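For the sequence shown, the positions run 3 to 91 when the numbering used here is used.
Taking it in order: structure first as structure tokens, then the write-up.
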Amino acid sequence: MGPIRFLTLRRMHLAQRALSRADPSSATVTGIATDHGFWELGRFSVAYRGLFGETPSETLRSKPKPIAIDINRAVFSSAVWPEVPNTPR
């Protein structure tokens, strides 16, 4: 993935997070999209729907989805968390 694509996806995810957290009575899709550097709103909407499976206005109107982390499924490899040997003191 090239740097331009990476930055575009990053901005798209930031816009999605802003839309999901915004108050629909005071925020607009146009305002949030332009705040994140998207000036061609039709292209933004098409790309957004392709990436997230819903329109930006649907995200704005929907209730925020809770973030759930299942600690029991977390996997830590020994490469990341090396074993500390039990050495006598």
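Here a beta-carbon is modelled for each residue, glycine too, at the ideal position from N, C-alpha and C.
Please read these numbers as outputs of a predicted model, since none were measured by experiment.
Check: Member of 23, 18, 32 and 8 whose CA lies at the smallest distance from the CA of residue 56; Outcome: 18
Check: Simplified DSSP state of residue 5, which is helix, strand or coil; Outcome: helix
Check: Same chain, Cβ closer than 6 Å to residue 44, five either side skipped, listed in chain order; Outcome: none
Check: Residue 40 classed as buried or exposed, judged by whether at least 16 other C-beta atoms fall within 10 angstroms; Outcome: buried
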